[in-house]
Amino acid sequence: MCFFRAQWILTTHTTWRTVPNIFFFNLFRTFSPSKPAKSLHTQKNRQFFNEPEENFWMVMVVRNPIIEKQSKDGKPIVEYQEEELLDKVYSSVLQQCYSMYKLFNGTFLRAMEDGGVKLLKERLEKFFHRYLQTLHLQSCDLLDIFGGISFFPLDKMTYLKIQSFINRMEESLSIVKYTAFLYNDQLIWSGLEQDDMRILYKYLTTSLFPRHIEPELAGRDSPIRAEMPGNLQHYGRFLTGPLNLNDPEAKCRFPKIFVNTDDTYEALHLIVYKAMSAAVCFMIDASVQPTLDFCRRLDSIVGPQLTVLASDICEQFNINKRMSGSEKEPQFKFIYFNHMNLAEKSTIHMRKTPSVSLTSVHPDLMKILGDINSDFTRVDEDEEVIVKAMSDYWVVGKKSDQRELYVILNQKNANLIEVNEEVKKLCATQFNNIFFLD
Amino acid sequence: MGEEDYYLELCDRPVHFEKANPVNCVFFDEANKQVFAVRSGGATGVVVKGPDDRNPISFRMEDKGEVKCIKFSLENKILAVQRTSKTVDFSNFIPDSSQLEYTQECKTKNANILGFCWTSSTEIVFITDQGIEFYQVLPEKRSLKLLKSQNINVNWYMYCPEGAVILLSTTVLGNVLQPFYFRAGTMSKLPKFEIELPAVPKSVKLNLSERDIAMATIYGQLYVLFLRHHSRTSNSTGAEVVLYHLPREGACKKMHILKLNRTGKFALNVVDNLVVVHHQDTETSVIFDIKLRGEFDGTVTFHHPVLPARSIQPYQIPMAGPAPVTSQSPVPCKLYSSSWIVFQPDIIISASQGYLWNLQVKLQPIVNLLPDKGRLMDFLLQRKECKMVILSVCSQMLSESDRATLPVIATVFDKLNHEYKKYLDAEQSYTTALEAGQSRSSPLLKRPARTQAVIDQSDMYTHVLSVFTEKKDMSHKFVIAVLMEYIRSLNQFQITVQHYLHELVIKTLVQHNLFYMLHQFLQYHVLSDSKPLACLLLSLESFYPPAHQLSLDMLKRLSTANDEIVEVLLSKHQVLAALRFIRGIGGHDNISARKFLDAAKQTEDNMLFYTIFRFFEQRNQRLRGNPNFTPGEHCEEHVAFFKQVFGDQALMRPTTF
Numbered sequence: 001m002c003f004f005r006a007q008w009i010l011t012t013h014t015t016w017r018t019v020p021n022i023f024f025f026n027l028f029r030t031f032s033p034s035k036p037a038k039s040l041h042t043q044k045n046r047q048f049f050n051e052p053e054e055n056f057w058m059v060m061v062v063r064n065p066i067i068e069k070q071s072k073d074g075k076p077i078v079e080y081q082e083e084e085l086l087d088k089v090y091s092s093v094l095q096q097c098y099s100m101y102k103l104f105n106g107t108f109l110r111a112m113e114d115g116g117v118k119l120l121k122e123r124l125e126k127f128f129h130r131y132l133q134t135l136h137l138q139s140c141d142l143l144d145i146f147g148g149i150s151f152f153p154l155d156k157m158t159y160l161k162i163q164s165f166i167n168r169m170e171e172s173l174s175i176v177k178y179t180a181f182l183y184n185d186q187l188i189w190s191g192l193e194q195d196d197m198r199i200l201y202k203y204l205t206t207s208l209f210p211r212h213i214e215p216e217l218a219g220r221d222s223p224i225r226a227e228m229p230g231n232l233q234h235y236g237r238f239l240t241g242p243l244n245l246n247d248p249e250a251k252c253r254f255p256k257i258f259v260n261t262d263d264t265y266e267a268l269h270l271i272v273y274k275a276m277s278a279a280v281c282f283m284i285d286a287s288v289q290p291t292l293d294f295c296r297r298l299d300s301i302v303g304p305q306l307t308v309l310a311s312d313i314c315e316q317f318n319i320n321k322r323m324s325g326s327e328k329e330p331q332f333k334f335i336y337f338n339h340m341n342l343a344e345k346s347t348i349h350m351r352k353t354p355s356v357s358l359t360s361v362h363p364d365l366m367k368i369l370g371d372i373n374s375d376f377t378r379v380d381e382d383e384e385v386i387v388k389a390m391s392d393y394w395v396v397g398k399k400s401d402q403r404e405l406y407v408i409l410n411q412k413n414a415n416l417i418e419v420n421e422e423v424k425k426l427c428a429t430q431f432n433n434i435f436f437l438d
Numbered sequence: 001m002g003e004e005d006y007y008l009e010l011c012d013r014p015v016h017f018e019k020a021n022p023v024n025c026v027f028f029d030e031a032n033k034q035v036f037a038v039r040s041g042g043a044t045g046v047v048v049k050g051p052d053d054r055n056p057i058s059f060r061m062e063d064k065g066e067v068k069c070i071k072f073s074l075e076n077k078i079l080a081v082q083r084t085s086k087t088v089d090f091s092n093f094i095p096d097s098s099q100l101e102y103t104q105e106c107k108t109k110n111a112n113i114l115g116f117c118w119t120s121s122t123e124i125v126f127i128t129d130q131g132i133e134f135y136q137v138l139p140e141k142r143s144l145k146l147l148k149s150q151n152i153n154v155n156w157y158m159y160c161p162e163g164a165v166i167l168l169s170t171t172v173l174g175n176v177l178q179p180f181y182f183r184a185g186t187m188s189k190l191p192k193f194e195i196e197l198p199a200v201p202k203s204v205k206l207n208l209s210e211r212d213i214a215m216a217t218i219y220g221q222l223y224v225l226f227l228r229h230h231s232r233t234s235n236s237t238g239a240e241v242v243l244y245h246l247p248r249e250g251a252c253k254k255m256h257i258l259k260l261n262r263t264g265k266f267a268l269n270v271v272d273n274l275v276v277v278h279h280q281d282t283e284t285s286v287i288f289d290i291k292l293r294g295e296f297d298g299t300v301t302f303h304h305p306v307l308p309a310r311s312i313q314p315y316q317i318p319m320a321g322p323a324p325v326t327s328q329s330p331v332p333c334k335l336y337s338s339s340w341i342v343f344q345p346d347i348i349i350s351a352s353q354g355y356l357w358n359l360q361v362k363l364q365p366i367v368n369l370l371p372d373k374g375r376l377m378d379f380l381l382q383r384k385e386c387k388m389v390i391l392s393v394c395s396q397m398l399s400e401s402d403r404a405t406l407p408v409i410a411t412v413f414d415k416l417n418h419e420y421k422k423y424l425d426a427e428q429s430y431t432t433a434l435e436a437g438q439s440r441s442s443p444l445l446k447r448p449a450r451t452q453a454v455i456d457q458s459d460m461y462t463h464v465l466s467v468f469t470e471k472k473d474m475s476h477k478f479v480i481a482v483l484m485e486y487i488r489s490l491n492q493f494q495i496t497v498q499h500y501l502h503e504l505v506i507k508t509l510v511q512h513n514l515f516y517m518l519h520q521f522l523q524y525h526v527l528s529d530s531k532p533l534a535c536l537l538l539s540l541e542s543f544y545p546p547a548h549q550l551s552l553d554m555l556k557r558l559s560t561a562n563d564e565i566v567e568v569l570l571s572k573h574q575v576l577a578a579l580r581f582i583r584g585i586g587g588h589d590n591i592s593a594r595k596f597l598d599a600a601k602q603t604e605d606n607m608l609f610y611t612i613f614r615f616f617e618q619r620n621q622r623l624r625g626n627p628n629f630t631p632g633e634h635c636e637e638h639v640a641f642f643k644q645v646f647g648d649q650a651l652m653r654p655t656t657f
């Protein structure tokens with residue numbers, strides 16, 4: 001049995017003197033000023049440290065998993081499993097916490113400037129109170145290290161149609177500053193810079209979209225609005241903002257997000273609008289308050305076009321799938337990640353739901369993947385690691401330039417050469433259009 | 001009304017001839033477009049001027065009575081003159097042949113010759129009130145041979161030289177028209193057809209006048225145009241022009257109705273496939289384009305004027321002839337004068353002033369008169385001299401002051417590329433046919449003509465897009481949106497996008513530091529792979545490190561750029577990666593050992609150098625049975641270096657069996 005629990009301490013430069021960990025912060029810096037250590041191992045806990053802004057430290061304490069054993073005299077003995085947790089996974093989780101906080105609240109420094117420690121504390125309290133409950137530390141794994149983005153595969157023509165759609169929308173709705181386009185919870189276009197998109201993508205796919213899927217499945221929130229006569233029938237609806245456009249009292253409140261915080265520091269309203277499987281995020285300057293009229297206009301312009309586009313994408317996707325014959329291909333279990341564009345692909349993970357992320361392989365194998373990744377991080381050279389795991393499993397890790405590939409194979413009595421051949425086969429079918437060294 | 005508002009003009013070099021007066025008779029020949037000025041029955045001279053030949057033909061002929069009709073055969077070989085109602089006189093204008101006149105009387109008894117038409121340089125048709133007679137002229141024998149004749153009552157006739165069709169008005173009402181088609185010594189009778197008269201005639205007399213009928217070729221098809229002064233439908237009082245399509249085979253069919261929405265005196269011209277209707281009462285003209293979308297009622301298409309009615313551009317007549325100094329200022333020409341005579345397709349003659357003009361359409365003013373850009377493009381793409389105007393419209397719609405919306409811009413691009421693609425396809429099937437062994441001289445195989453309406457990527461790049469992207473005041477969002485829209489349109493028509501357009505996109509994105517956008521475009525292969533593009537990306541690496549990966553991926557996909565991949569890797573000191581790559585594609589037996597050893601040495605990584613050195617030793621062993629390098633490989637310094645670092649004994653020994 002494993003138990004994970006995280007404790008949260010947040011320190012700022014005014015209060016951190018009260019925290020004994022100050023010693024470690026300085027210690028880490030002394031060891032390696034450029035790359036401070038990020039975790040402290042103890043028997044019961046592991047502590048993770050992150051200094052996301054100068055002089056602001058975040059600490060996360062994760063309790064090591066425990067096994068309760070019966071001693072000979074019948075007393076339960078708690079045994080801490082000190083080597084179970086992967087440092088990189090949880091320090092990544094900690095970094096992600098900051099990014100998510102910053103997306104919705106801006107930087108710590110800004111809060112301090114705006115209202116001192118009091119305001120910062122309020123914001124932290126408010127944010128983390130809810131956010132912590134959505135973290136599922138048990139199921140954190142390699143994908144949390146990558147924090148990648150899954151891109152929707154698409155042919156050029158359909159992609160250009162989407163481009164054209166986005167440009168037209170930005171022209172008609174001139175207050176829109178940035179747009180992002182997703183299909184099937186996978187990204188197709190981001191007008192935001194990569195780092196901002198990375199965390200917004202995380203929010204959309206692990207929080208906002210899953211919250212809306214369940215009512216959809218239950219059929220409670222039928223999106224077809226036949227009650228609007230004269231309007232072209234479409235499937236568009238707001239995922240943030242007004243629920244019912246016909247209600248004159250409808251609130252047009254949208255989540256506020258902060259992007260480009262290192263640079264222009266922009267505050268934006270996040271409008272998420274969805275038709276069938278296609279979701280568009282329109283981001284408008286926070287100084288402009290979107291009115292109900294604006295929302296109605298957006299609905300009438302975007303709704304019909306997005307509905308058509310969504311069915312186009314669906315159709316084209318099915319055609320491409322049939323043509324490439326990818327339906328019939330043998331299913332490899334693999335995780336791919338490209339550091340350059342954050343593209344991630346996993347056939348190991350099931351669809352994420354708001355509550356859990358499921359993997360189709362044993363946690364021990366996932367841990368091997370994490371270990372291989374740690375090895376890769378230590379060197380800059382391209383590498384390949386092949387591990388024979390328990391019971392006929394082979395785990396292969398490959399790193400070529402900025403790309404990483406992890407494959408799990410399960411073949412009876414396979415030898416090293418055969419495993420190598422299998423991986424080559426996988427690369428030839430799945431990654432033949434990129435430069436990926438054999 | 002400013003000059004920029006007139007869309008019709010008279011040509012600036014009209015044919016000038018001596019104006020008609022009691023002693024000077026003027027004739028016009030529609031086939032050769034020649035004006036004949038006949039003074040005193042020809043005794044004091046005949047002057048013939050055509051629109052193309054600036055040197056008039058002058059000659060004298062004996063005055064044998066009043067000339068009723070005078071025409072040269074094609075190529076000015078034989079002159080035919082009609083002076084009586086029974087005969088036509090001929091004289092040869094062929095060098096070294098007899099110039100003595102010879103005469104042909106019409107064969108049908110008691111018939112009167114209404115006129116004649118030349119259908120080739122030696123073939124002539126007499127039209128009499130009782131039928132037509134088709135002759136071949138034998139100039140050397142100074143006689144004519146009857147080829148064919150047909151009896152039919154004729155009220156009047158009309159000849160369309162472009163279509164080689166003669167139209168005869170028959171029956172008492174005159175509204176049954178009988179066409180004949182002439183080609184290479186043959187005369188074929190086409191199905192006759194009836195013109196629907198506006199109302200049931202009150203009396204049985206000639207109801208259809210030749211003044212209300214015209215024939216012209218529009219978009220390659222022959223049409224009979226009928227000016228119907230009163231619409232058949234009671235709800236509309238204006239006059240209309242009815243277009244009957246007259247095919248070479250099959251029956252004549254009513255196809256289009258041009259709504260004039262006014263009454264009075266009209267005249268028709270056809271210019272650049274546009275039907276121009278002049279209205280004398282208002283002294284304005286309107287134009288119709290039957291290719292533009294009209295209202296189709298199941299049988300005919302109704303068209304309205306493309307543009308608001310405008311006068312022909314005011315015209316100044318130079319007072320004196322070609323005298324070097326003329327103090328007199330030019331005199332404004334009276335337009336829409338009652339002395340104007342209009343001929344097909346585009347000729348306006350003022351007999352009283354002695355001028356023959358070709359009517360012309362000015363496209364530039366139309367740009368501002370037709371606000372619907374999609375319709376404007378449809379219109380312009382059908383015009384002969386459209387290219388520069390279209391390009392200027394494109395530039396204008398992208399300009400800051402006159403900017404069109406993206407959907408409009410997309411529509412315009414789509415229309416241009418539709419035309420462009422049609423041409424590419426035609427060109428493609430021509431090439432395929434040539435390759436399949438069809439002879440270049442085969443009549444079925446014709447190289448497709450490239451009209452001005454074919455606006456290709458290079459035109460757009462040179463005249464519109466490169467200029468547009470250079471503009472400082474343009475928002476980069478709009479610039480990129482326009483470029484992507486153009487690329488989308490090309491892709492939609494399956495036209496291969498030229499790499500200079502991709503470069504333009506990249507340049508614009510890089511200028512505005514939009515590297516992540518660029519990355520996404522490349523990720524979805526919107527910017528097609530090419531070596532130049534891959535090299536461009538490589539050059540961007542210092543600004544945007546991921547460009548390196550993007551470039552390598554692209555080179556890999558090209559599959560013809562393996563040498564470049566090796567070079568890129570070596571330049572990055574990734575010697576092992578380069579070697580693994582070249583081995584992966586099976587090219588390691590042909591690579592230069594020296595190049596790799598050089599690169600390995602530069603890394604100052606001795607172990608790497610050892611590995612590379614050993615690899616080549618093994619290659620030598622495998623290929624030549626000896627691990628040593630040959631002098632041709634120029635690896636002496638590397639061997640020396642190897643010995644220096646690892647010692648002589650580390651060198652591989654030749655295996656002996």
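Sequence order for the protein chains is U and A. Residue 345 in full-length UniProt numbering sits at position 345 of the first sequence, and the numbers go up by one each step. Residue 653 in full-length UniProt numbering sits at position 653 of the second sequence, and the numbers go up by one each step. Backbone N, C-alpha and C define an ideal beta-carbon position, used for all residues, glycine too. Since this is a predicted model, take the numbers as computed values, not measurements.
Alpha carbon of residue i to alpha carbon of residue j, nearest angstrom
i	j	result
His313(A)	Leu550(A)	The residue you asked about is not His; residue 313(A) is Gln in the sequence shown. Rounded to the nearest angstrom, the two C-alpha atoms are 59 Å apart.
Trp337(U)	Gly74(U)	Looking at the sequence shown, residue 337(U) is not Trp but Phe. So the alpha carbons of these two residues sit roughly 48 Å apart.
Val510(A)	Glu193(U)	14 Å
Met377(A)	Ile348(A)	29 Å
Cys333(A)	Phe72(A)	30 Å
Ser277(U)	Leu527(A)	26 Å
Gln644(A)	Leu597(A)	15 Å
Phe379(A)	Glu9(A)	18 Å
Gly115(U)	Phe254(U)	23 Å
DSSP state of residue i mapped onto helix, strand, coil
i	result
residue 682(A)	Nothing in the structure corresponds to residue 682(A), since chain A is present only between 1 and 657.
Gly102(A)	The residue asked about is misnamed: residue 102(A) is Tyr in this sequence, not Gly. If DSSP states are grouped into helix, strand and coil, Tyr102(A) belongs with the strands.
Same chain, Cβ closer than 6 Å to residue i, five either side skipped, listed in chain order
i	result
Asp247(U)	none
Pro247(A)	none
Asp272(A)	Val361, Arg383 and Lys384
Lys33(A)	Gly50 and Pro51
Cut-off 7 Å between Cβ atoms - residues of its own chain near residue i, not counting five sequence neighbours on either side
i	result
Gly264(A)	His279, Gln280 and Asp281
Tyr610(A)	Phe646
Ile224(U)	Note that Ile224(U) scores a pLDDT of 48, beneath 50, so its modelled location is shaky and nothing firm can be said.
Ser530(A)	His499
Cut-off 8 Å between Cβ atoms - residues of its own chain near residue i, not counting five sequence neighbours on either side
i	result
Leu292(U)	Pro242, Leu245, Pro248, Ala250 and Cys252
Tyr486(A)	Phe413, Met460, Leu465 and Leu501
Range covered by the alpha helix (DSSP H) that runs through residue i
i	result
Met397(A)	Lys387 to Met397
Lys477(A)	His476 to Gln492
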